[in-house]
Every structure is written in structure tokens, then in C-alpha cells.
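Those sequence lines, one after another, are chains A and B. For the first sequence, our numbering gives the first residue as 1, with consecutive numbering after it. For the second sequence, our numbering gives the first residue as 1, with consecutive numbering after it. Even glycine gets a Cβ: it sits at the ideal position worked out from N, Cα and C. All of these numbers come straight from a predicted model, not from anything done at the bench.
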Amino acid sequence: MNKTNSNVSTHALIDSATSVWGKYLLGMFALALPGVLLYHDAHWINIIAFTYLMAGVAAAWNIIGGFGGQFSLGHGVFFSIGAYATARIYISFDLSPWLITLPIAVCAAAVAALISWPTFRLRGPFFAIATLAFNEVAFVLANHFDSLTGGPRGLMISFKASLGNMIFKDRWQYAILMFGFVALVVAVSVALRRTRLGYYLLAVREDEDSARASGIDVLKVKLQGMALSAALTSVGGTLFAMYLRFIDPPTLFTLPEVGVKFALISLIGGIGTIAGPVLGAVLIIPFENYLRAEFANSLPGMSLVILGFLMVMAALFMKKGVYGLLLDILQKIKGKKGDAP
Amino acid sequence: MTAMLDIQHASKHFLGLRAVDDVSMSVKKGEIVSIIGPNGAGKTTFFNLITGQLAPTMGDVVFLGQKVNDLAPHQRAKIGMGRTFQISKPLIAMSVLENVMIGTFKNESSMNRAKEKAIEVLETVSMLDLAGKRSGDLTLSQRRRLEVARALALEPQIMLLDEVMAGLNQSEVSQSIELLQRLHAQGHTFLIIEHNLKVVRAFSERVLVLDQGRLIAEGSAEEILNAPEVIKAYLGEGHQWKKS
């Protein structure tokens, strides 16, 4: 074994706060760029706004699904809580969505903790299957309780544009809103990664028994991660409802469009990393829109076939996602430079 | 002086099998106690009863004067039990430093403080040069050392080491022994499962022998290695240790 070199630089091992937040600002700047450049293009700004939203929700999912390693496919439930509660309260009581977003998010966190408490005893695929079931149950409930959810007819929010109503005349204003959301979620992720809870989530993901031996209350850590993730997902649901101004059960509970999609975006981009989910959304959402438009008339459904194929390929050959792949390539280039005499 | 760890009539039955059968023992502060025994003697099961991974069928575990039977493993870790696993369980995607920080976070809520303490721990176990390495890329002996570092990071009252030298070569074993002796000199208390009798002889103050779940002998290393029941359990009747 090597003699310990006491001069080893241990400062570089964990990025300093300045460097991490510097990277964050840089990333957010890059993410904002297309929105700024294309704000006048009605077609593109719509896609960009939706990309920001999905990036934010995928990053929220990544907190428990990526950092915590709990592969939830039931996040559609929390998304729907945000969407339904916002729409219902706004329609019935005319309260500004800005005021109720946070209380609703807290409720979603509570629901998440409640339904996760029994399911967190399950590990791996069994946990994923159980969360799938939550999504289906919520689907049935949403159809059934039509006094709250409007049932199969859904809820329609009438168009009264004002900042207080979180309803806007121009699409670029929504893009700013959604950008604010993804900036918030990524900031929370960056901060979380530098806290005890963030480290504990990773430890739980890596090995539960080993985490316990280090004094970690595994169930508590999972519940905290899930609650935080669900709260942020619910905020995404709020924005989604005010953006579409129409929600119904198929929009909110179709797995490939909502619950599973959050996970897939993270998976493709790079699960468990901070940039991965955002990168995944940036790649997938515009591409999906393009495919849908391209094949709408000639081969309807073809876009799903292509996307599905790409996802299978990504799962097989890019286990660390696009972000992981980029890092590996960067590493190799650096390594080669280092090897050169 | 009262015992730090006191096991009273602990038993663990798996259906008909008595993996641990009415074992009582204790460890005092500052001691190094070893548990030896042939494969399947119940050593690891016994460890798991102490640290809470398994609940005893009968008997009590008393730690620092407190009965801890009902405490979960993480609670026992919090009050001062640091353990390693026979099959080492590093958090492979994380760096060596981060692995140790998972331990130091027990007493430090700030990341920077946890990091500083983790660096101190790595210095103690002479692993500072590996701090940035992904723990999944470590060699077996480095992994075993990391297990000790992670236990040490908890600032435990007692360290329970489950075969931390298994699979190591001679020089790695002597380095490990040297490390444990150094930690012992700093006042750490150890309960150790060890397969390698040479290791046991080198630094144990007291040795317990388990065979088929039962405590068959207890004494100093020399006494134990010459006890007829131990020779019988290890080698069979009428045999002797090879001179070494």
C-alpha cells in the first residue's frame, strides 16, 4: 500500500459551494437561452415552456427516484394533486394560484408520506409496481369523485388573463413561469446534494443494510426524500393546470405521458445526477413533438414506436444516461491528454 | 468495572436450528475480545444479534447499561456500536471520502464539518491518498480498510469487526493488525470475529470460542489455542497445531 501523502489535495474532492453554484448559474443560463431567442415564435415557445415544466418535474422525481434510488412510477398522483387542487380551489373559491401552491404542495407531501410509509418496506421492482398501483387507484378515484374533479368531463378553467390568476396572454410569459419552476427544483437539488439528507439518500440507494449500520434511519430518510420530491412535483401540477386550463383523468394519469415519463426523462438524461433530468427533458420533449407532428398524418402512433425504441436502446447501452455518456467521453479526452508525453 | 457490552443468555433459533445457543459474554471498555470458531459456528449470527440486524429468540443485549433488545440497527449505531460486514458493503458509486462522510454525518450536520472529520478518519487509517477514488474501484484489502474507516467515523464506543482480514495476504494482514493495535492504544474497544488464529494470537486479550452456536471455551489466546475442546472443534480429536 502506498504511503499516505499528506500533501494530497483534499479540497478538490468535493466541489466548493462557489463552484457548484457557478455551474448552476451557467447551466440555467444555457437553459434560458432558447427561450430568450425564440420568445416571439408561438410554436417553439410553447414547446420550450413545456420542456421547462417537464425538466422541473423530472428533476423533482430524481430527488427520490435518482438520489434515493426509489423508482417511483406513481408521481402522477402528486402531480395530479397539484393540478386538481389548484383548479378546483381556483374555480370554486377564486383564490389566486400563487397563494395556494405552497399549501397544496405541503398536502401532496403529506399524502406522499402516508402512502409511501407502507410501500417503502418493499425493495426494487416491488416498490415500483406498488407505486404503479397508486396511479391506477388515483385514476379511478378521480373519475369517481366528480364533484371535486369533474369526473371524466374534467375541469375547465376560464381564460381570465392576469398575473394574479397565473393566466397569461402570451406563451412566453408561461415560459418564464416554467423556467422559474425548473430553476427552483434544480436549485433545491443542488442544495440538497450538499446536505446530510442528500448524502443519506445516496447511502440508502447504495446499500440499505450498510446505511443502517452507519446510524441512518432508512425509512425516515426515504420518507423525507419522497415528501420533498412530491411537494415539488405538486407545484409542477399546479403550473400544468394553469397552463393547459383543462385537466381530466386521462391527461393526468396516462402513464406514458405522466407518471412513467418523469422517470424515463431522468433515465435517458442521467438518473441520480443534477443535470441529467433537465438534459433528458431538453432532448426528449422537443423531439417527441417533432415526431408527433411529422407522423401525425402518415403513420399515427409511429412517434411512440420510435421513442419506445430509443428508450430501450438507452436503457441497454447508456446506463448512466446521456449526461453520464458525456462525462465519460470528457474523461477519455482528458485521460488521453494526460497520457501524452 | 462494569461491562460495556453484556450479552445475557442470547439464543437465535432458525426453526429447529440453534444458530446461537444460550451464549453469555461481556466486553469491558478498552478490551479487545475475539470470537473464533469453525465455519457455521454462529459467529456472524451472534454479531447480528448484538448490532440488531437479527432479533434474539431469547436473551438480552445490554449496552452501556441499557437493554437494547428493542432498538433497531441504526439506533444501536447511534448510541455507539460501529460494525463492519463480513461481505464488505461499500457505497460503490460514492468516493472513499463520501463513504466515510456518511459515518461522520452522524455527529455533524454540516457538510464541511463532516468532510473535515472524514479526512481525519482517513488519515488515521492511512487512506487519505485514496480519498477521491470511487469505492467500487478499491482492492479487497482497501475495501476492508474502508469498512473499518466507516465504523470509526461513527466515533463508536465499541467496534465490532466481522472478519476484516479475510482474504488478505500476509503483509496486508500485518498492516491491519498494526492499525487495530494503534486504534486500541487510542482507547478503542473491539469485539472481533476472526478466522485466522495467528491474527487472534497476535493481539487478542481474551478469546471466545463458538462451536455449533455454543460458547465452548473462553480465555487468553494461548490457553484457548491449547484447549482440547478447541482443537477438537477445529482439527478433530488427536490432532495438533502445526508449528509455525
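CA nearest to the CA of residue i, picked from the options
| i | options | result |
| --- | --- | --- |
| tryptophan 98 of chain A | A:Trp117, A:Met166, A:Val111 and A:Pro152 | A:Met166 |
| glycine 321 of chain A | A:Val106, A:Ile271, A:Ile89 and A:Lys160 | A:Ile271 |
| alanine 109 of chain A | A:Leu228, A:Ile91, A:Leu31 and A:Phe139 | A:Leu228 |
| isoleucine 14 of chain A | B:Arg113, B:Met58, B:Gly187 and B:Gly238 | B:Arg113 |
| isoleucine 63 of chain A | A:Arg205, A:Ala128 and A:Ala83 | A:Arg205 |
| alanine 10 of chain B | B:Gly213, B:Glu222 and B:Gln240 | B:Gly213 |
| threonine 233 of chain B | B:Gly30, B:Ile216 and B:Ser220 | The question names threonine, but residue 233 of chain B is alanine in the sequence shown. It is B:Ile216 whose Cα lies nearest to the Cα of alanine 233 of chain B. |
| leucine 201 of chain A | B:Gln181, B:Met101 and B:Val209 | B:Met101 |
| valine 33 of chain B | B:Val230, B:Ile79, B:Gly236 and B:Glu218 | B:Glu218 |
| valine 169 of chain A | A:Met242, A:Met226 and A:Cys107 | It is lysine, not valine, that sits at residue 169 of chain A in the sequence shown. For lysine 169 of chain A, the nearest C-alpha among the options comes from A:Met242. |
| threonine 18 of chain A | A:Arg194, A:Leu267 and A:Leu239 | A:Arg194 |
| leucine 208 of chain B | B:Lys67, B:Asp129, B:Asn48 and B:Ile193 | B:Ile193 |
| methionine 111 of chain B | A:Ala32, A:Ala130, A:Leu197 and A:Gly69 | A:Leu197 |
| asparagine 107 of chain B | B:Glu98, B:Asn99 and B:Lys117 | B:Lys117 |
| alanine 128 of chain A | A:His75, A:Ala281 and A:Phe67 | A:His75 |
| isoleucine 36 of chain B | B:Asp162, B:Thr84 and B:Phe105 | B:Asp162 |
| serine 158 of chain A | A:Leu95, A:Gly301, A:Glu294 and A:Ile91 | A:Ile91 |
| isoleucine 247 of chain A | A:Thr149, A:Val278 and A:Ile333 | A:Thr149 |
| alanine 149 of chain B | B:Leu179, B:Gly167 and B:Gln170 | B:Leu179 |
Nearest-angstrom beta carbon gap, residue j and residue i [assumed within contact, 8 angstroms]
| i | j | result |
| --- | --- | --- |
| alanine 49 of chain A | tyrosine 174 of chain A | 5 angstroms |
| methionine 178 of chain A | tyrosine 52 of chain A | 4 angstroms |
| glycine 187 of chain B | alanine 153 of chain B | Actually they are not in contact, since the Cβ atoms of glycine 187 of chain B and alanine 153 of chain B sit about 17 angstroms apart, beyond 8 angstroms. |
| glycine 82 of chain B | alanine 151 of chain B | 3 angstroms |
| isoleucine 89 of chain A | isoleucine 100 of chain A | 5 angstroms |
| glycine 132 of chain B | leucine 97 of chain B | 7 angstroms |
| glycine 269 of chain A | leucine 283 of chain A | 7 angstroms |
| valine 57 of chain A | phenylalanine 29 of chain A | The Cβ separation is near 21 angstroms, so there is no contact. |
| alanine 221 of chain B | valine 200 of chain B | 6 angstroms |
| isoleucine 7 of chain B | serine 24 of chain B | 6 angstroms |
| proline 286 of chain A | isoleucine 47 of chain A | 5 angstroms |
| valine 106 of chain A | alanine 231 of chain A | 7 angstroms |
Three-state secondary structure assigned by DSSP to residue i
| i | result |
| --- | --- |
| isoleucine 7 of chain B | strand |
| alanine 217 of chain B | strand |
| glutamine 66 of chain B | strand |
| valine 164 of chain B | coil |
| valine 258 of chain A | coil |
| glycine 318 of chain A | Position check: residue 318 of chain A holds methionine in this sequence, whereas glycine was assumed. Looking at methionine 318 of chain A - three-state DSSP - the assignment turns out to be coil, as it is neither helix nor strand. |
| asparagine 5 of chain A | Its pLDDT being 42, under 50, asparagine 5 of chain A is placed unreliably in this model, and the value from its coordinates should be taken loosely. Of the three classes helix, strand and coil, the one that applies to asparagine 5 of chain A here is coil, per DSSP. |
| lysine 12 of chain B | strand |
| leucine 155 of chain A | strand |
| threonine 189 of chain B | strand |
| serine 135 of chain B | helix |
| aspartate 146 of chain A | helix |
| aspartate 248 of chain A | coil |
| glycine 276 of chain A | helix |
| isoleucine 329 of chain A | helix |
Endpoints, the beta strand (DSSP E) within which residue i is located
| i | result |
| --- | --- |
| isoleucine 102 of chain B | Where isoleucine 102 of chain B is concerned, there is no enclosing beta strand (DSSP E), although the alpha helix (DSSP H) it sits in stretches over 96 to 104. |
| valine 121 of chain B | Note, valine 121 of chain B: premise wrong, no beta strand (DSSP E); alpha helix (DSSP H) at 111 to 124. |
| phenylalanine 120 of chain A | Taken as a continuous stretch (DSSP letters only), phenylalanine 120 of chain A belongs to no beta strand (DSSP E), as it is neither H nor E. |
| alanine 19 of chain B | 17 to 27 |
| arginine 194 of chain A | Where arginine 194 of chain A is concerned, there is no enclosing beta strand (DSSP E), given that its DSSP letter is neither H nor E. |
| serine 34 of chain B | 32 to 36 |
| leucine 208 of chain B | 206 to 211 |
Assigned exposure category for residue i - 16 Cβ within 10 Å defines buried
| i | result |
| --- | --- |
| tyrosine 290 of chain A | exposed |
| methionine 94 of chain B | buried |
| phenylalanine 93 of chain A | exposed |
| isoleucine 87 of chain B | exposed |
| aspartate 211 of chain B | buried |
| arginine 123 of chain A | exposed |
| lysine 43 of chain B | buried |
| alanine 315 of chain A | exposed |
| leucine 15 of chain B | exposed |
| alanine 55 of chain B | exposed |
| asparagine 7 of chain A | Bear in mind that a pLDDT of 44 at asparagine 7 of chain A, under 50, signals an unreliable position, so the model cannot answer this. |
| aspartate 21 of chain B | buried |
| glutamine 66 of chain B | exposed |
| leucine 252 of chain A | buried |
| serine 109 of chain B | exposed |
The alpha helix (DSSP H) enclosing residue i, as first and last residue numbers
| i | result |
| --- | --- |
| alanine 241 of chain A | 218 to 244 |
| phenylalanine 203 of chain B | 197 to 203 |
| arginine 144 of chain B | 140 to 153 |
| glycine 82 of chain A | 75 to 93 |
| glycine 82 of chain B | Not the alpha helix (DSSP H): glycine 82 of chain B falls in the beta strand (DSSP E), residues 81 to 83. |
| lysine 232 of chain B | 228 to 235 |
| serine 210 of chain A | 208 to 213 |
Closer than 7 angstroms: residue i CB and nearest the ligand NAD heavy atom
| i | result |
| --- | --- |
| histidine 239 of chain B | Ligands in the displayed structure: none, and consequently the ligand NAD is not present. |
Members of the stretch 99 to 120 of chain B near chain C, C-beta cut-off 7 angstroms: Of the protein chains in this structure, namely A and B, none is chain C.
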